[in-house]
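**Q** A single structure is presented below for examination.
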Amino acid sequence: MLFVLLAAFTAWAYFQAFLISPFPGNSLNELRGQWLMQLTVFLTAIIVVKALSGNMKAVLMAVYWGIWFLLFALFVMSMWRWSQTGALPDRWGGLPGTLRTGLQNMSMTTVAFWMFMLADLIARIKSGSWYFQRSTLGWLAVLALTLFGLYIQNMRTALIAIVLVSVVVAVFLLSNMLKVGDKWRWRRIVGSFALAVVAFALVATYVSRDPRWGSLMATVPIAWHIHEDTTWATDTCKADALNCKLPNGQVVGVSNYLRIAWLHASLDEFFRNPLGIGYSRQAFGNALNYDHPDYHTVITRANNSVLTLAIGVGVPGFLLMMGFLFYLSWLGYVKAVQGQWVFMLLPLLVMKTLIAGFSRFVMFNSNMEFLMFIFGVFTAALIGISQQRTDGAYKLRDN
């Protein structure tokens with residue numbers, strides 16, 4: 001079914017590019033340079049899974065410890081930066097240029113790794129045994145240090161990940177607390193409440209120290225009127241600036257203003273073009289230039305990859321892609337409740353990708369972040385194929 005959905009999406013995108021899109025050249029170039037590369041990664045991953053599923057111990061150990069090394073390195077660099085400045089670091093500021101650029105592009109990748117580790121933790125707790133034979137307490141300690149190291153860098157993606165991890169673990173701990181004779185019942189309850197308190201404290205701290213949240217509610221009604229004021233469609237408000245002065249004299253925070261205005265404009269273009277404007281990373285700008293040439297817009301991307309995809313491929317293509325993602329999540333969930341808990345990685349990755357896709361331009365492009373999403377999906381498949389459930393525990397297959 002997954003491949004049927006992908007094939008249907010590809011067929012629709014090309015059909016649309018040839019017969020519907022007012023920008024056929026741009027759509028065909030984007031399909032060739034972006035979407036076909038993603039399909040290649042999917043197919044390559046499947047081949048690798050099939051080829052290596054017989055004996056995966058060495059591969060799994062390399063992936064596992066590689067992830068741990070990355071997380072620990074990020075934590076050490078965070079602490080080093082904090083100790084040098086005596087203040088909370090500003091993202092990756094102060095690190096060497098090449099390294100800083102690479103790490104900035106890995107924020108979602110790191111979150112995907114956290115999700116991998118969360119699935120690992122759930123499998124340990126649920127089955128009572130795991131083939132890496134590591135302490136769950138030690139796992140939680142290192143995870144907590146890593147999350148804290150990234151959190152102090154004021155990364156919104158890290159905040160979302162922390163909350164998701166806390167909620168999922170809390171729900172899991174509570175799921176069996178009413179079992180008769182469960183000796184861990186009260187520990188589950190206390191642990192769940194503790195996780196909820198930690199998540200709430202992190203959110204409250206972040207919101208209180210980020211001035212953009214304070215001006216958000218005041219900016220919404222101003223930015224929502226996109227047809228009365230088209231400043232958002234020009235280069236008057238620079239995306240890298242802090243504030244912007246509108247023609248009526250009002251001063252607004254640039255980040256909130258542009259995100260809200262682009263969100264409304266994206267929804268408007270999606271409903272104006274139900275069959276899509278043509279698959280492209282520039283679908284938002286193409287739609288604005290097609291429907292509103294009087295705007296003289298210089299905007300190409302709306303910083304919202306979910307709606308950019310919807311504008312590009314229209315309702316049919318969008319439903320096919322969402323069907324693929326949610327079916328992938330459903331398969332992961334079904335396998336998880338059947339005992340293969342590592343497959344919880346699939347719905348977690350899809351959820352994180354969609355959340356990030358509404359606030360950043362990270363989905364459906366051949367960049368490191370989305371390719372790492374694909375990597376995470378098939379890492380879960382590798383693990384699932386290479387293990388079997390025997391007497392309540394996971395063991396590697398030798399054949």
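For the sequence shown, position 87 matches number 87 in full-length UniProt numbering, and the numbering has no gaps at all.
Note that the Cβ used here is the ideal one computed from N, Cα and C, for glycine as well.
Just so you know, these numbers come straight off a predicted model, no measurement behind them.
#1: Would you tell me roughly how many angstroms separate the C-alpha atoms of V254 and N248, rounded to the nearest one?
#2: Any idea if T353 is buried or exposed, counting beta-carbon neighbours within 10 angstroms, 16 or more meaning buried?
#3: Have a look at T297 and I222 and give me their C-alpha separation to the nearest angstrom.
#4: Report the three-state DSSP secondary structure of N304 (helix, strand or coil).
#5: Would DSSP call M253 helix, strand or coil?
#6: Bridge partners for K245 per DSSP, in chain order?
#7: According to DSSP, is H225 part of a helix, a strand, or is it coil?
#8: Determine whether the beta carbon atoms of S27 and G317 lie at a separation below 8 Å.
#9: Can you find the residues in the same chain that come closer than 7 Å, C-beta to C-beta, to A287, ignoring five residues on each side of it along the sequence?
#10: Taking DSSP as the reference, what is the three-state secondary structure of Q16?
#11: Under a three-way DSSP split, which group does V298 fall into?
#12: Looking at C-alpha atoms only, which residue of D294, R301, A336 is the closest neighbour of H227?
#13: Would you kindly check if the distance between the Cβ of W12 and the Cβ of L320 is under 8 Å?
#14: Please classify L103: does DSSP put it in a helix, a strand, or coil?
#15: Is it right to say L258 is buried, meaning 16 or more other beta carbons lie within 10 angstroms of its own, or is it exposed?
#16: Can you tell me which of the three DSSP states T230 falls into?
#17: Measure the C-alpha to C-alpha separation of I355 and N304 and round it to an integer number of angstroms.
#18: Taking Cβ positions, are G314 and I299 nearer each other than 8 Å?
#19: Could you spell out where the alpha helix (DSSP H) holding F23 opens and where it closes?
#20: Quick check: L2 and F324, are their CB atoms within less than 8 Å of each other?
#21: Thinking I260 and T219 are a contact (beta carbons under 8 Å), I'd like their distance in whole angstroms, please.
**A** A quick look at the data gives this:
#1: For the purposes of this step, residue 254 is identified with residue 254 of the sequence shown, where counting begins at 1. For the purposes of this step, residue 248 is identified with residue 248 of the sequence shown, where counting begins at 1. So the two alpha carbons sit approximately 15 Å from each other.
#2: As a working mapping, residue 353 is identified with position 353 in the sequence shown. When all chains shown are included, T353 counts as buried.
#3: By 1-based counting over the sequence shown, the position of residue 297 is 297. By 1-based counting over the sequence shown, the position of residue 222 is 222. Using only the alpha carbons, I get a separation of about 19 Å.
#4: As a first step, residue 304 must be located in the sequence shown, where it is residue number 304. Looking at N304 - three-state DSSP - the assignment turns out to be coil, as it is neither helix nor strand.
#5: Taking the first residue of the sequence shown as 1, we reach residue 253 at position 253. Going by the sequence as given, residue 253 is Gly instead of Met. In this structure, G253 counts as strand in the three-state DSSP scheme.
#6: Counting from 1 along the sequence shown, the entry for residue 245 is found at position 245. K245 pairs with V251.
#7: Position 225 of the sequence shown, counting from 1, holds the residue named residue 225. Three-state result, H225: coil.
#8: By 1-based counting over the sequence shown, the position of residue 27 is 27. By 1-based counting over the sequence shown, the position of residue 317 is 317. Not closer than 8 Å, so no.
#9: Residue numbering aside, residue 287 sits at position 287 when the sequence shown is read from its first letter. Within the same chain, A287 has close Cβ partners E269, N273, I277, I311.
#10: In the sequence shown, the residue the question calls residue 16 occupies position 16. Three-state result, Q16: helix.
#11: Residue mapping note: residue 298 aligns to position 298 of the sequence shown, counting from 1. Three-state DSSP puts V298 in coil, outside helix and strand.
#12: Translated into the one-based positions of the sequence shown, residue 227 becomes position 227. The shortest Cα separation from H227 among D294, R301, A336 belongs to D294.
#13: For this step, residue 320 is matched to residue 320 along the sequence shown. For this step, residue 12 is matched to residue 12 along the sequence shown. Contact: yes.
#14: On the sequence shown, residue 103 is found 103 positions in, with the first residue counted as 1. Per-residue confidence for L103 stands at a pLDDT of 47, beneath the threshold of 50, marking its modelled position as unreliable; the derived number appears in the next sentence. Note: L103 maps to helix in three-state DSSP.
#15: On the sequence shown, residue 258 is found 258 positions in, with the first residue counted as 1. Buried is the call here.
#16: Locating residue 230 in the sequence shown gives position 230, counting from the first residue. DSSP places T230 in coil when its eight states are reduced to three.
#17: Position 355 of the sequence shown, counted from the start, is the residue given in the question as residue 355. Position 304 of the sequence shown, counted from the start, is the residue given in the question as residue 304. Between I355 and N304, the C-alpha separation is close to 10 Å.
#18: Within the sequence shown, residue 314 is the residue found at index 314, counting from 1. Within the sequence shown, residue 299 is the residue found at index 299, counting from 1. No, the Cβ-Cβ distance between G314 and I299 is not below 8 Å.
#19: By 1-based counting over the sequence shown, the position of residue 23 is 23. From DSSP, F23 is part of no alpha helix (DSSP H); its letter is neither H nor E.
#20: One-based indexing of the sequence shown puts residue 2 at position 2. One-based indexing of the sequence shown puts residue 324 at position 324. Yes, the Cβ-Cβ distance between L2 and F324 is below 8 Å.
#21: In the sequence shown, residue 260 corresponds to position 260, counting from 1. In the sequence shown, residue 219 corresponds to position 219, counting from 1. With a Cβ gap of about 6 Å, I260 and T219 count as contacting.
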